[in-house]
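There are 2 protein chains.
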Amino acid sequence: MTELVYQQIIADLKKRIFAGEFPSLHLPDERSLAEQYSVSRSSVKRALTRMASDGIIFKKRGAGTFINPLYLKNESVFNYEEGSNLGVSDNFQMNGQRPQIKVLNFEVIRPTEEIQRDLFLHPDDFVYKIDRLRLFDDKPFMIETGYIPIKILPSLSLKKIEGSIFNYVEQAFGQTVSKSFLSIFAEPSTKLDQQLLNLTPTEPVGVMEGIFFLNNGTPFEFSRMRLHYQYMKYNTFVSVSN
Amino acid sequence: MTELVYQQIIADLKKRIFAGEFPSLHLPDERSLAEQYSVSRSSVKRALTRMASDGIIFKKRGAGTFINPLYLKNESVFNYEEGSNLGVSDNFQMNGQRPQIKVLNFEVIRPTEEIQRDLFLHPDDFVYKIDRLRLFDDKPFMIETGYIPIKILPSLSLKKIEGSIFNYVEQAFGQTVSKSFLSIFAEPSTKLDQQLLNLTPTEPVGVMEGIFFLNNGTPFEFSRMRLHYQYMKYNTFVSVSN
DNA sequence: TAGTGGTCTAGACCACCGA
DNA sequence: CGGTGGTCTAGACCACTAG
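Chain order of the listed sequences is A and B. Every letter in the first sequence is one number past the one before it in UniProt numbering, and letter 209, counting from 1, is 209. Every letter in the second sequence is one number past the one before it in UniProt numbering, and letter 191, counting from 1, is 191.
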């Protein structure tokens, strides 16, 4: 697959960590690892920096590099770092159940200035506006409105948006959706929310809105998702500065 | 303050971005920036990589480096990337306003099994249970319940929890709170929420709950935060694999 | 004080994008 | 095709931690 040096090091170190090769939770120092793998120290450092930002290890200047004990005990929580895609079906746990999609509306429009800016469009570019209701085991859980430039996906069709658009892009162009910038907040439900998501007036919706990017950095979609509050559970690992 | 080359570059580029120096959202290429700042390309690259992982910019191989339009739109909300700490006052934008803390309850209890597991405690360890109401410009916006092992902070006092616990830990032990696992979701407000946060029955709360870690990897606190929905806006930049 | 991770340089070659 | 970001090397010096 990928043969990048630092990715090989990451893969190998993960394997060795799970094999219990470091019972003290103390990894070899960077210079030794560089020698072991016959690479430069910079490449080792790059690998370790990645692993640290994933929460697998942490580094202590002057002391060494250590395995995060939670990584061993709580491996499942870390599994998100394996995913190759940011799509709904990957982010929401729908274990074996049937995710369904009901297309509410599908049209081509002139984007607002806001959308233009968010997706780096010219004033004369057009976008698809796609409204979909997503169900899960026959229960609606999310209203999704997406805007996608037609120049990125000129061949989109009603048929295709009844399935996963992200998967379609991956198959058709070999580009994965691997970055997103989202705002997450909550709101009282509107009449429409209540109707489509089977909510009572006191029950809220969770809102997630933002931009999805392709692997190559192209802004791909602006999306606004309104979720039944019981189905919105967003998990994050945050690490600041260092 | 900090004189690191790449941090200076980051600071300067942010300034220039906000000054509107790049209306096309297209930054100069790495080699030009290296020349402008009289540093190596590696240092520029390090700065840009940091900014990209913060979601400020994104890079497109073969094309260039671009400003994330949401960064400009959302500027105030991005401020969390300035903090050296994950605390409330750093995560929520309280520009010049007065954050206040009102202690509702402070006691030592035997942790539930769930808390034991989350904080990696033994059955005979005790924890502080701390209930606080946080206000912002005299308006309550968050009810916070925290559990902290007494063995980590044996000297905690009522006085100390009237201020930032994270800052106290930093001053007293030189450990920053720099990592967290959080779940984020929404709920209808309870009677207590409505009373403390000035909410009507149809207005919801945002909930953020999870574990905060010290720099060295020690699980430090389990926290459950119930926020006035208008004050919860969580921005995340997610990047998988690459 | 010895050893560790952190930063920085200078230069090389590769992979990709767009005109 | 030229220009861009991505990866990697080799080596230097600094800042911190621990014995």
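Glycine is no exception: its CB is placed at the ideal position from the N, C-alpha and C atoms.
Going along the chain, which residues of its own chain have a beta-carbon closer than 7 Å to the beta-carbon of residue i, five neighbours each way excluded?
i, result
"LEU133 of chain A", "LYS102, LEU104, PRO140, ILE143 and LEU196"
"GLN116 of chain B", "PRO123"
"ARG31 of chain B", "ARG41"
"TYR180 of chain B", "Here residue 180 of chain B is Ser; the residue named in the question, Tyr, does not match the sequence. So the list reads LEU86, GLY210, ILE211, PHE212 and PHE213, once near-sequence residues are dropped."
"LYS160 of chain B", "TYR168"
"ALA19 of chain A", "none"
"LYS45 of chain B", "GLU30"
"ILE10 of chain A", "ALA47, ARG50 and MET51"
Mind listing the chain B neighbours of residue i? Cutoff is C-beta to C-beta under 7 Å, in chain order.
i, result
"PRO188 of chain A", "THR202, GLU203 and PRO204"
"ASP137 of chain A", "Within chain B, no residue comes near ASP137 of chain A; the closest Cβ sits about 19 Å away, beyond 7 Å."
"ARG117 of chain A", "PRO69"
"ILE109 of chain A", "Per Cβ cutoff of 7 Å: no residues; ILE109 of chain A is ~19 Å from chain B at best."
"PHE22 of chain A", "Going along chain B, no residue has its Cβ under 7 Å from PHE22 of chain A, so there is no contact; the nearest lies around 14 Å."
"ILE211 of chain A", "LEU70"
How far does the alpha helix (DSSP H) with residue i in it extend, from its first residue to its last?
i, result
"GLU203 of chain A", "Premise fails: GLU203 of chain A is in no alpha helix (DSSP H) and is neither H nor E."
"VAL240 of chain B", "First-last for VAL240 of chain B: undefined, no H or E at that position."
"GLN171 of chain B", "165 to 173"
Just to make sure I have the definition right: I need the residues of chain A whose C-beta is within less than 8 Å of the C-beta of residue i. Which are they?
i, result
"GLY217 of chain B", "PHE58, PHE66, ASN68, PRO69 and LEU70"
"MET225 of chain B", "The premise fails here: MET225 of chain B is roughly 13 Å from chain A at the closest Cβ pair, so nothing lies under 8 Å."
"GLY55 of chain B", "PHE181"
List, in order along the chain, the chain A residues whose C-beta lies closer than 7 Å to that of residue i?
i, result
"LEU142 of chain B", "Leu is not the amino acid found at residue 142 of chain B; the sequence shown has Met there. The premise fails here: MET142 of chain B is roughly 13 Å from chain A at the closest Cβ pair, so nothing lies under 7 Å."
"PHE237 of chain B", "PHE181"
If you follow the beta strand (DSSP E) that residue i is part of, which residue opens it and which one closes it?
i, result
"PHE222 of chain B", "219 to 228"
"LEU121 of chain A", "First-last for LEU121 of chain A: undefined, no H or E at that position."
"PHE126 of chain B", "Neither: PHE126 of chain B is in no beta strand (DSSP E) and is coded neither H nor E."
"LYS100 of chain B", "According to the sequence as given, residue 100 of chain B is Gln; it is not Lys. 99 to 109 is the extent of the beta strand (DSSP E) around GLN100 of chain B."
Please list, in chain order, all residues of the same chain as residue i whose beta carbon is under 8 Å from its beta carbon, the five residues on each side excluded.
i, result
"MET108 of chain B", "The sequence as given places Val at residue 108 of chain B; Met does not occur at that position. Taken in chain order, the residues that qualify are PHE126, VAL127, TYR128, LYS129 and ILE150."
"ASP118 of chain B", "ILE211, PRO219 and PHE222"
"SER84 of chain A", "With a pLDDT of only 47 at SER84 of chain A, under 50, the local geometry of the prediction cannot be trusted, and the value read off the model is given with reservation. Within the same chain, SER84 of chain A has close Cβ partners THR176 and SER178."
"ARG16 of chain B", "PHE22"
"GLN100 of chain B", "ARG134, LEU135, PHE136 and ASP138"
"GLN36 of chain B", "PRO28"
"PHE185 of chain A", "GLY206 and VAL207"
"ASP193 of chain A", "ILE143, LEU199, VAL205 and ARG226"
Which residues does DSSP list as the beta-bridge partners of residue i?
i, result
"LYS191 of chain B", "LYS191 of chain B is not bridged to any residue."
"ASN235 of chain B", "A:SER183"
"LEU214 of chain A", "A:VAL177"
"GLU114 of chain A", "Its beta-bridge partners do not exist; DSSP assigns none."
Under 9 Å between beta-carbons, which chain B residues line up against residue i? List them in chain order, please.
i, result
"MET232 of chain A", "ILE184, PHE185 and ALA186"
Can you find the residues in the same chain that come closer than 6 Å, C-beta to C-beta, to residue i, ignoring five residues on each side of it along the sequence?
i, result
"GLN171 of chain B", "none"
"GLY146 of chain A", "ILE130, GLU221 and SER223"
"LEU25 of chain A", "PHE66 and ILE67"
"SER183 of chain A", "GLU209 and GLY210"
"MET232 of chain B", "GLY206"
Can you pull the chain B residues whose beta carbon is under 8 Å from the beta carbon of residue i, in chain order?
i, result
"GLY62 of chain A", "Within chain B, no residue comes near GLY62 of chain A; the closest Cβ sits about 13 Å away, beyond 8 Å."
Strictly below 9 Å CB to CB, what residues from chain A border residue i?
i, result
"TYR229 of chain B", "PHE185, ALA186, GLU187, PRO188 and PRO204"
Fill in: Those runs of the beta strand (DSSP E) which lie wholly inside the UniProt domain "HTH gntR-type" (3 to 70) of chain B and span at least 3 residues
Those beta strand (DSSP E) runs which fall completely within the UniProt domain "HTH gntR-type" (3 to 70) of chain B and span 3+ residues are 57 to 60 and 64 to 67.
Fill in: Residue ranges of each beta strand (DSSP E) within the region 129 to 163 of chain A, 3 or longer
For the region 129 to 163 of chain A, the continuous beta strand (DSSP E) assignments of 3+ residues that do not extend past its boundaries occur at 139 to 149, in sequence order.
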